[in-house]
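Here it is as structure tokens:
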């Protein structure tokens, strides 16, 4: 969607390797979020950020870390990828007037 | 924690109105009702939101009951491209400067038939 981009769009990695997903926004929104989506589970919040260097855990944060050194970038890191982290990852930003805007997603496969 | 209840699936004929219900009986006074949809493999898309008054935009209308315990999303003339999963979500707004974490349920799979 306009104003928010995720990279990469697709990634295949091996178990045990570190992986970093990037979310970039051009809207200057304070709040940013990382979700994962799996069949039968809907969207689940991993981590969110409410400002530069201010982050907090969501409901499925184990195995993930995040960083936000600039307003426009929110990074999600899998320190040591596992097969259970195979998923589609969505980044989002929020604004009161228009709710949440989601990125196009990153499809991650851990083999 | 499930704050909303939606039917798992609904069907609608192309060109007809699609009315998607949502129950949110435990909604708090400062919580808004948001609707999103997700077309296969894409990120969720914002549709509309409201507090207590009915709302309309270019995509849909939102009807909220007077007691705010339920709402209905109306797509006035459904097309095949409206086939998607529709999510009803309640979210607090604290003075417009901080935002609640969005909790998605399972949503309603709307299938629009030719």
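Chains as they are written, first to last, in my numbering: chain A, 1 to 111; chain B, 1001 to 1114.
For each residue, glycine too, the CB sits at the ideal point set by N, CA and C.
The distance from the Cβ of residue 4 of chain A to that of residue 99 of chain A is about 13 Å, inconsistent with a contact at the 8 Å cut-off. Proximity of residue 1006 of chain B to chain A, defined by a Cβ-Cβ separation below 8 Å, is not satisfied. Ranked by Cα distance from residue 89 of chain A, the first of A:16, A:46 and A:24 is A:46. In the structure shown, residue 1080 of chain B adopts helical secondary structure according to DSSP, grouped into three states.
For the segment 37 to 49 of chain A, the residues whose beta carbon sits under 7 Å from a beta carbon of chain B are, in order, 42, 43, 45 and 48.
Residue 1069 of chain B has no beta-bridge partner at all, per DSSP. Residue 111 of chain A and residue 1030 of chain B have their C-alpha atoms spaced approximately 45 Å apart. Of the candidates A:75, A:101, A:85 and A:52, A:85 places its Cα closest to the Cα of residue 62 of chain A. Within the DSSP bridge table, the entry for residue 3 of chain A names no partner. Contact holds between the segment 27 to 36 of chain A and the segment 69 to 79 of chain A, because three or more Cβ pairs, one in each stretch, are under 8 Å apart. Between residue 90 of chain A and chain B, the shortest Cβ-Cβ separation is below 8 Å. Excluding five sequence positions before and after residue 1111 of chain B, the CB atoms of its chain that fall closer than 8 Å to its own CB belong to 1009, 1010, 1011, 1012 and 1083, given in chain order.
Bridge pairing for residue 65 of chain A: A:77 [DSSP]. Within the segment 67 to 95 of chain A, the residues whose Cβ lies closer than 9 Å to some Cβ of chain B are 88, 90, 91, 92, 94 and 95, listed in chain order. Closest in alpha carbon position to residue 25 of chain A, among A:59, A:109, A:6 and A:55, is A:6. With a threshold of 8 Å between beta carbons, residue 1092 of chain B makes no contact with chain A. The beta carbon of residue 1080 of chain B does not come within 8 Å of any beta carbon belonging to chain A, so the residue lies off that interface. Residue 104 of chain A belongs to the set of residues whose beta carbon lies under 8 Å from a beta carbon in chain B. For residue 101 of chain A, a Cβ of chain B is located within less than 8 Å of the residue's own Cβ. Residues of the same chain with a CB within less than 6 Å of the CB of residue 1086 of chain B, apart from the 5 flanking positions on each side, are 1020, 1037, 1107, 1108 and 1110 in chain order. Under the DSSP assignment, residue 110 of chain A falls in the beta strand (DSSP E) whose first and last residues are 106 to 110. For residue 1049 of chain B, the chain A residues whose C-beta falls within less than 7 Å of its own C-beta are 99, listed in chain order.
Taking a C-beta distance under 8 Å as the contact criterion, residue 1024 of chain B and residue 1069 of chain B qualify as a contact pair.
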